[in-house]
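The structure appears right after this line, and notes come after that.
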Amino acid sequence: MADLDLRAVHDEMVSVAYEAGAMILAANPAELDTDTKLNSVDIVTEADKGVEKMVSARLSSAFPSISFMGEETYKPGMRLGPEPTFIVDPIDGTTNFVHSFPSACISLGLAVDRQPAVGVIYNPWLDTLYTAIKGQGAFLTRGRSSEPQRLPLARSPRPLEGLGSALVGVEWGSTRDGPNYDLKVEAFRRLAGSKETGGAMVHSLRSMGSAALNLAAVAAGQLDLYWEGGCWAWDVCAGWCLLNEAGGRMVHGNPGEWDVELESRVYLAVRGAPSGQREIIEEFWGVLNGGKLDYSV
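Once you know that position 124 of the sequence shown is 123 in numbering that gives the first Met the number 0, the rest is easy, because the numbers rise by one and skip nothing.
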């Protein structure tokens, strides 16, 4: 769809994100009906479903020729095609939401040819809006009356000097046993551990509880890396667009796998830097000691 107006899509997505934010803020997590999917920590609320219903209706009305993939309406076996597709997580960070912890967002992505083309992420509690259009840069707007700031926030990003000076984003995920969980726990130990015990001794590990906000932080230069396994295309599409436009790099989260797709489910994001991206990727892979995460698609 060569004539697709990405700016028009972006502007509608921003409007939708603000409406979704108002719906999220109006919901009282203590009074919502909740359900679980995989287990007791894989939570979905009626707010997730209501927001996705509104988003789907608005985007389908504005752009009826664009396909739609949403977390709450996804069916096993669905795959992303080359046609333009909205990829939506109505509330990324639902666990934070049900605990009234203000680190959650709506994540709206557009993929074209299975590549991120537009990304909009909005945290309504902090009124922070992240936006990106392929080839047109990534931006952070703090409050609707504020001027957008180009990402990364630093005018002259520092070189990446290795894991020993890095702030690394990680997540536990909803699966709390088995080989993937064991590899994550061991990787966290090696990342945080002292040099004397064979660890990388990173500055620290951070878990925001939202893949989209983790990726936004890497794009902004607030995190140096983010390693993720087990999430889905709707968790990463919007943030990936931000990352690309901010000079960052996304590779597969497993050692030696430089190529990564939206549906790979295992990712390593690195912030924009004048040097050191490839080196820190390879250093991170070394921490995994040949281990690989394995999630079905």
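We put the beta carbon where it would ideally sit given N, CA and C, even for glycine.
- Message: Along the chain, where does the alpha helix (DSSP H) containing C240 start, and where does it finish?
- Response: 232-244
- Query: Taking the alpha carbon of E282 as the point to measure from, which residue in L162, L242, W239 has its own alpha carbon closest?
  - Reply: L162
- Residues of its chain near P101, where Cβ-Cβ distance is below 6 Å and the 5 sequence neighbours each way are ignored: W124
- If you run the structure through DSSP and keep just helix, strand and coil, what is D10? helix
- Query: Candidates P75, E45, G20: which alpha carbon is nearest E30's?
  - Reply: E45
- Message: Would T93 and D47 be called neighbours here (beta carbons separated by less than 8 Å)?
- Response: yes
- Query: Between R141 and the rest of its own chain, which residues show a CB-CB distance below 6 Å, the 5 nearest in sequence each way excluded?
  - Reply: T127
- Query: Would you call S60 buried or exposed, if buried means 16 or more other Cβ atoms sit within 10 Å of its Cβ?
  - Reply: exposed
- Query: Residue ranges of each beta strand (DSSP E) run of no fewer than 3 residues wholly in the segment 195-220, ordered along the chain?
  - Reply: 203-205
- Message: Here's the rule I'm using: 16 or more other beta-carbon atoms within 10 Å means buried, otherwise exposed. How should P273 be labelled?
- Response: exposed
- Message: Please list the terminal residues of the continuous beta strand (DSSP E) segment that includes A268.
- Response: 265-269
- Are the beta-carbon atoms of L241 and A131 separated by less than 8 Å? yes
- Counting Cβ pairs closer than 8 Å, one from the segment 232-239 and one from the segment 198-205, do we hit at least three? no
- Task: With a cut-off of 8 Å on the beta carbons, I'd call A232 and L79 a contact; round off their distance for me.
- Result: 6 Å
- Query: How about V13 and V87: do their beta carbons lie closer than 8 Å?
  - Reply: no
- Query: Over what stretch of residues does the alpha helix (DSSP H) that includes S155 continue unbroken?
  - Reply: Neither: S155 is in no alpha helix (DSSP H) and is coded neither H nor E.
- Query: Which residue comes first and which comes last in the beta strand (DSSP E) that contains W226?
  - Reply: 224-228
- Return the first residue and the last residue of the alpha helix (DSSP H) that I65 is part of. From DSSP, I65 is part of no alpha helix (DSSP H); its letter is neither H nor E.
- With 16 other Cβ atoms within 10 Å as the buried cut-off, status of V184: exposed
- Paired residues, beta bridge with M249 - DSSP: A268
- Range covered by the alpha helix (DSSP H) that runs through T94: 93-97
- Message: Can you tell me where the alpha helix (DSSP H) holding V54 begins and where it ends?
- Response: 45-61
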